[in-house]
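*Asks:* My questions will all concern the structure given below.
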């Protein structure tokens, strides 16, 4: 059940974005959401970071994901988005970040086929393949710059590495072992997001897509990708 505490409003800044894909806004509001969780603990590694837990997104708590997205994103995602996340039931690809029992962030990703025009860019020897696509990434304003977003993204990359090195196919989602890259779209004016993905993870800035967004100015985006193969 969602509990709201301490709403602080300052200025809005964009962190990374996609509409049908990824649109991440940093909005200076703090809505703390508490729930029962099954979690994996991620310790802090620097003095600015805080310890977090990861927890699964389920039918019982998916409304908290809706609240995170509503707080952090300017776009209302369709009910089908949340149904797909719950149906997937993979806490390695879709998860909450908790601090002291409160939801402070979330990431949602999916495995999908590489678009035809991306196949050669992902691998010079590839004739096909899949990619991990970052759909949404959000961290509440009061908890930004504490390593939470970085840990969320890194956890997905680590899951890929563990999957491809595993000798067992048990619990590995279909297509994971054929993943070539991790990708997202970022609004061209979102310099903070571009810097975040480039400096923290080594993403490369790809092609510019004109008029990608319909209700955002500027409407253009860059494709950011990191080769995993």
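In the working numbering, the protein residues as written are 834 to 1062. Each residue gets a CB set at the ideal place from its N, CA and C atoms; glycine is no exception. Quick caveat: nothing in here was measured; it's all calculated off a predicted structure.
Looking at the unbroken alpha helix (DSSP H) that takes in residue 1029, where does it start and where does it end?
*Replies:* Within the chain shown, numbered from 1, the residue matching residue 1029 stands at position 196. Its alpha helix (DSSP H) spans residues 1024-1034.
*Asks:* Which value, in whole angstroms, describes the spacing of the CA atoms of residue 1002 and residue 995?
*Replies:* Translated into positions along the chain shown, residue 1002 becomes position 169. Translated into positions along the chain shown, residue 995 becomes position 162. Taking the straight line from one Cα to the other gives about 11 Å.
*Asks:* Would DSSP call residue 1008 helix, strand or coil?
*Replies:* Sequence index remark: in the chain shown, residue 1008 carries index 175 (1-based). Of the three classes helix, strand and coil, the one that applies to residue 1008 here is coil, per DSSP.
*Asks:* Could you spell out the range, first to last residue, of the alpha helix (DSSP H) harbouring residue 984?
*Replies:* Counting from 1 along the chain shown, the entry for residue 984 is found at position 151. From DSSP, the alpha helix (DSSP H) with residue 984 extends over 981-998.
*Asks:* Which residue spans inside the stretch 875-928 form an unbroken alpha helix (DSSP H) run of at least 4?
*Replies:* You should have 895-905, 912-921.
*Asks:* Is residue 963 helix, strand or coil by DSSP?
*Replies:* On the chain shown, residue 963 is found 130 positions in, with the first residue counted as 1. Three-state result, residue 963: strand.
*Asks:* Can you list, in chain order, the residues of its chain whose CB lies under 7 Å from that of residue 915, leaving out five sequence neighbours each side?
*Replies:* Taking the chain shown and counting its residues from 1, one reaches residue 915 at position 82. The residues are 895, 898, 899.
*Asks:* Once you ignore the five residues that flank residue 902 on each side, which residues in its own chain have a CB closer than 7 Å to its CB?
*Replies:* Counting from one through the chain shown, the residue named residue 902 turns up at place 69. Contacts found: 910, 969, 971.
*Asks:* Taking the straight line between their C-alpha atoms, what separation do you get for residue 981 and residue 934?
*Replies:* Numbered from 1 along the chain shown, position 148 holds the residue referred to as residue 981. Numbered from 1 along the chain shown, position 101 holds the residue referred to as residue 934. Between residue 981 and residue 934, the C-alpha separation is close to 14 Å.
*Asks:* To the nearest angstrom, how far is it from the Cα of residue 1045 to the Cα of residue 932?
*Replies:* Within the chain shown, the letter at position 212 stands for residue 1045. Within the chain shown, the letter at position 99 stands for residue 932. Spanning the two alpha carbons is a distance of roughly 35 Å.
*Asks:* Which residues mark the beginning and the end of the beta strand (DSSP E) in which residue 1055 is found?
*Replies:* As a first step, residue 1055 is located in the chain shown; it is residue number 222 there, counting from the start. Note, residue 1055: beta strand (DSSP E), 1054-1060.
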